[in-house]
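Report on the structure given below.
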Amino acid sequence: MSWKDFKPYFIYHVRWQLGWFIFTPTLYIFINYFKLPLWSSMIFAQFIGACIFWFVDKNIFKNKQSKNN
Numbered sequence: 394m395s396w397k398d399f400k401p402y403f404i405y406h407v408r409w410q411l412g413w414f415i416f417t418p419t420l421y422i423f424i425n426y427f428k429l430p431l432w433s434s435m436i437f438a439q440f441i442g443a444c445i446f447w448f449v450d451k452n453i454f455k456n457k458q459s460k461n462n
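Count along the sequence shown from 1, add 393, and you get the number used in our numbering.
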């Protein structure tokens with residue numbers, strides 16, 4: 394497998410791991426400060442992560458599309 398083939402997977406993997414930096418603190422805040430149950434804290438943390446990573450993914454896919462054209 395060449396770097397050209399591996400690079401998209403690597404970028405995806407790094408982006409996936411970055412989700413931890415958003416999900417963990419927001420989950421902690423919702424559970425410990427807002428006293429929400431785990432299930433609802435997870436929903437809110439996922440929502441915040443989706444709002445943030447929508448822009449990240451949009452940028453990644455925009456760059457990918459511009460390279461393909």
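Every residue gets a Cβ at the ideal spot worked out from N, C-alpha and C, and that includes glycine.
Please read these numbers as outputs of a predicted model, since none were measured by experiment.
Exposure label - A438; buried when at least 16 CB within 10 Å: To locate residue 438, count along the sequence shown from 1; it is residue 45. Buried, because 16 or more other Cβ atoms sit within 10 Å of the Cβ of A438.
Separation of C444 from W396, as counted between CA atoms: Position 3 of the sequence shown, counted from the start, is the residue given in the question as residue 396. Position 51 of the sequence shown, counted from the start, is the residue given in the question as residue 444. CA-to-CA, the gap between W396 and C444 works out to about 30 Å.
Cβ contact check for the region 424-439 and the region 396-408: 3 or more pairs under 8 Å: The region 424-439, when compared against the region 396-408, does not touch it at the 8 Å Cβ threshold.
Assumed close pair I436, I415 - CB separation to whole angstroms, cut-off 8 Å: Position 43 of the sequence shown, counted from the first residue, corresponds to residue 436. Position 22 of the sequence shown, counted from the first residue, corresponds to residue 415. So it is not a contact: roughly 14 Å between Cβ atoms.
Under 9 Å between C-beta atoms of V449 and L420: The sequence position of residue 449 within the sequence shown is 56, counting from 1. The sequence position of residue 420 within the sequence shown is 27, counting from 1. Their beta carbons are not under 9 Å apart, which means V449 does not touch L420 by this criterion.
Close Cβ partners of R408 (< 8 Å) along its chain, the five nearest in sequence each way excluded: What you label residue 408 is simply residue 15 of the sequence shown in a count that begins at 1. Hits under 8 Å: F446, V449, D450 and I453.
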